[in-house]
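Report on the following structure.
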Amino acid sequence: MILSSTLITLLWLCYATAQDTFTIAGLFHDDNYQSEMAFKYAIARHNMFNHDIKFKTVIQRIDKNDIFATNKIVCDLVSAEEGIVAIFGPESGVVGPMVESIASNLEIPHLQTYMNYKNNVNSNTVLNIFPDPELLSTGLAALINNMNWKSYMIVYESIDGLMRLQDVLKIPDSSSSPVTIRQLGDSNDHRPLFKEIKKSAETNIILDCDNSIIIDVLKQAKEVDMLDYFHSYVITSLNADTLDFSILDTRANITTVRLFEPNSMNLHNAVRDWEMGELNEMKEIFSLSTSEVLAETALMHDAVNFFTLAFRELHITEPIVAKQLTCDGRVKWDAGYRIATYMKIRPMLGNTVTGTIKFNEVGKRSDFNLHFAEIISGRVEKIAVWGPENGPNALNFTRSVHEQMQQIVENLQKTVVIVSSRLGSPYLKRRQARFEGDILEGNAEFEGYSLDLIDAVAKELNFTYKFVLTSDGAYGSYDKKTKTWNGLIKDLLERKAHLAICDLTITHQRREAVDFSLPFMTLGVSILYSKSKPSERNIFAFMEPLDTYVWIYIVSAYISVTLIMYLIARMAPGDWENPHPCDPNPEELENIWTLKNCLWLILGSTMSQGCDILPKGISSRMATSMWWFFILIISSSYTANLAAFLTMDKMAPSIDSAESLAKQTKIKYGTVDGGSTQTFFKESNFSTFSRMWTQMISTKPSVFEKSNSEGVKRVLTTKNQLYAFLMESSSIEYEIERNCELKQVGNRLDSKGYGIAMPVNSPYRSAINKAVLKLQEDGTLSLLKTKWWKHMYGGGACDDVDDGSSSAELKLANVGGVFLVLGISVSIAMIFAIVEFLWNVHRVSVDLKISHGEAFLLELKFAVKVWITQKRTTPEISENCSQNGDNGIFNKKSTSLEYNSLSSFDNNLKKSKESGLNS
Ligand code: ASP
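What the sequence shown shows, in mature numbering (1 follows the signal peptide of the UniProt record, and there is no 0), is residues -18 to -1, 1 to 901, in sequence order.
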């Protein structure tokens, strides 16, 4: 019993200590010692921890392009007595296929670490640990998709690059934003190519070239200004982030791709192995940073680990025996296919540097991760990860949105932000020196709403900025013929500015070329028109209803009719009357129609007052009634016309909406040239607006103006209000605050907003949006508007101005002339009265033989006694007058003359009347 158990133990020990040693061949090139090291020390590590199976490595350095020598080396290797169980490498696409063909022919597992496009359907023992190129292409396409580039250019070195980018080539909508492809030339001077790219205004570039020339290519791009803040590069080399980008000193957005996480534990362990191995073997200190590890090195490390693991597992289940072979392929290695097939179905989940290793049926690696990183100030910062399981477009972002934003703002802070604008009140205008020595330089050269707004945004985000004026002064319109933009949009497209601001309207067409921030002001197109000017008021406006000639004719008619009337009355028997109606047979007849009475009758009728005496003859009555008829018509016409003339202001040509403007042709209307308002009418399908557009383009001279201010000037200076300017409501508001002769007519025709424009996909767009939103919420935007609209440069001037449209009452200026005529006539009447009075004084003085002075005093004294209403024909002489002291002025004659009250006379008269009546 004891003997048998001792025997079993011995046998087990024998078995346990029995070591199977297998040979693995590694083919490397001189320039990639890292991979060779990874191969060597991965096997060494395996051998250190596994006592059952040991691997021996045969390393051969081969020339990258020497197929013949490589063939010989491989044939020698396979024909070695102990046989080889696997071939690793080489990493070159030139000699690689030749090694692959020998290995597949002899069914020796061949582990490749380079990009191989072929579908190895006939090579059952080939296992390529490099990611499947098709999936790699999908991953790169996912990155480009997430960049939201509208267009981009692929700059590639060799055709392999294009194969890698197949899916990327399929992304853009080729009609609106085509992808352009350029190949790096054979010469080392790539500047001409980058100059050409610069001319094309493309700023998004995918660079696919060998790792060794990346920095040189980018340096040349920088020399021609193709590596600044506006440029974005995606570098497809999986080793790009091992390069030192800090020497480029660029603010360009550079994104790199890699296959593994440089800070992973597995990579740290592997690198430590390599350093220890080098120290033990080569007796020299070797140090390598994990960030310097090349993709091929990591892949080699993983490939060795995967193979040794799979081999051991298979060997335990059924021992594997190596075999001496020959290159003629007559004998194949029977275990090779088994090992390769096992590796294809058994994924390696952990203990790798490049993540899970899984092959598809044709031996291509179908599971891997792409790690995308950004080069920020020379540092590599991971931004996202993509794996085939994510689907074609999904990236797992590693930075939070906040972190991304912070990064962008940091970048912005390192740049002087160029802000393009155009002059136009109140958005931007040249500042006047405020005091002696006030320096008007840089941003201080300008002032206005736009400058204040950018200043507030800059304070919010803490960046510095510089205002520049766009060369052509235009807002930005697209010329369909030349397919080019002008104005501010052009500046952004040519990357002359980071931002563009003014009263720049956000439009669909512009949005295709540039990005806009959230609107900072909302508005709509409306009509600017001048208020009707109160016509120069003539105080004799009451004369205006009738033409001067008509007045002359009326006066002539008055005189003529008076004369005719006089003649008719003299001829008409009916107008010769009995002066004493009580005498039936008078000896004389009397005619009252003296010239004076005729004038009075005709005048009385003219004034529609009639007259106290009227003609009795048929002909004179006929003449009078015809005159009345004439006067009726004239006076009615005058009254009607007078009302119209006095309200003439309100009868000026008037419009109250776009419809009324469109319906008429008398008032011309236009817009600013090359702006969104013009485009609005040009592209409108709404019948009124398209009719207006047709009207505008057919009007000569042109109704379009270079700027809003010129439009405003035209509205003000065009006579008789015959020009209206279609302008944005915000600018109209500004103008009518200052110029009280202007008004807005009708409502807004549309609704839109002004935004800060920036190049498409500007990384800082969200930051600007956030700042604009904040300024809106804290009231800064409305304060700025009030400042520039209401307070600065004469704002608020028209707040108290009555536009006159509501007042219907007539002013003195309208009717003053009537007062004047009245005054003058009454004054003339007064003069006549005085003349008559004096004449009467003279008569009295002659009649009574008293002096003119006495007569004057006598008459005056009577005239001022307003309570006496009756007068003697001659004054009464009173004897005692001097005693009553009432009027001592007549003392010379000791008699007094005066017009006594006629009360006694009245009484006598009354009495005589009564007796007359009684009799
Ligand atoms: N704000 C306009 C623009 O951006 C100018 C205009 O048409 O009134 O084009």
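Using N, Cα and C, we set each Cβ at its ideal position, and we do this for glycine too.
Quick one: does the C-beta of residue i sit closer than 8 Å to a heavy atom of the ligand ASP?
i, result
"residue 335", "no"
"residue 660", "yes"
"residue 710", "yes"
"residue 457", "yes"
"residue 667", "no"
"residue 487", "yes"
"residue 345", "no"
"residue 657", "yes"
"residue 653", "yes"
"residue 402", "no"
"residue 468", "no"
"residue 460", "no"
"residue 691", "no"
"residue 736", "yes"
Just to confirm, are residue i and residue j a CB contact at a threshold of 9 Å?
i, j, result
"residue 654", "residue 612", "no"
"residue 436", "residue 709", "no"
"residue 749", "residue 387", "yes"
"residue 332", "residue 350", "no"
"residue 480", "residue 399", "yes"
"residue 105", "residue 82", "yes"
"residue 217", "residue 241", "no"
"residue 166", "residue 285", "no"
"residue 364", "residue 355", "yes"
"residue 701", "residue 681", "no"
"residue 581", "residue 544", "yes"
"residue 911", "residue 306", "Any property of residue 911 remains undetermined from this structure, which presents the chain solely from -18 to 901."
"residue 377", "residue 186", "no"
"residue 730", "residue 505", "yes"
"residue 448", "residue 424", "yes"
"residue 606", "residue 540", "no"
"residue 65", "residue 5", "yes"
"residue 452", "residue 403", "yes"
Residue i by DSSP, collapsed to three states: which one?
i, result
"residue 646", "coil"
"residue 504", "strand"
"residue 719", "helix"
"residue 47", "coil"
"residue 263", "helix"
"residue 919", "With the chain covering only -18 through 901, there is no way to say anything about residue 919."
"residue 745", "coil"
"residue 5", "strand"
"residue 425", "helix"
"residue 812", "helix"
"residue 406", "strand"
"residue 351", "coil"
"residue 94", "strand"
"residue 709", "strand"
"residue 537", "helix"
"residue 667", "coil"
Between the alpha carbons of residue i and residue j, how many angstroms are there, rounded?
i, j, result
"residue 273", "residue 178", "34 Å"
"residue 659", "residue 703", "21 Å"
"residue 330", "residue 385", "34 Å"
"residue 572", "residue 834", "37 Å"
"residue 794", "residue 627", "14 Å"
"residue 84", "residue 161", "41 Å"
"residue 886", "residue 553", "With a pLDDT of 48 at residue 886, under the threshold of 50, the modelled position of this residue cannot be trusted; read the value that follows with caution. Answer to the nearest angstrom: the Cα atoms are 46 Å apart."
"residue 477", "residue 773", "36 Å"
"residue 2", "residue 38", "10 Å"
"residue 204", "residue 676", "50 Å"
"residue 197", "residue 137", "14 Å"
"residue 905", "residue 811", "Any property of residue 905 remains undetermined from this structure, which presents the chain solely from -18 to 901."
Is there at least one Cβ from chain C nearer than 9 Å to residue i's Cβ?
i, result
"residue 332", "Included in the structure is just one protein chain, with no chain C present."
Original post:
Is the segment 713 to 728 close to the segment 468 to 475, with three or more CB pairs under 8 Å?
Top reply: No: the two stretches stay apart, fewer than three of their Cβ pairs being nearer than 8 Å.
Subject >> Validate contact between the segment 137 to 149 and the segment 234 to 245 using beta carbons, cut 8 Å, 3 pairs >> reply: no
**OP:** Would you be able to state if there are at least three C-beta pairs under 8 Å between the segment 524 to 535 and the segment 796 to 810?
**Re:** yes
Subject >> Segment contact, 8 Å Cβ cut-off, at least three pairs: the segment 240 to 259 with the segment 20 to 34 >> reply: yes
**OP:** Would you check if the segment 813 to 833 and the segment 543 to 560 touch, i.e. whether three or more CB-CB distances between them fall below 8 Å?
**Re:** no
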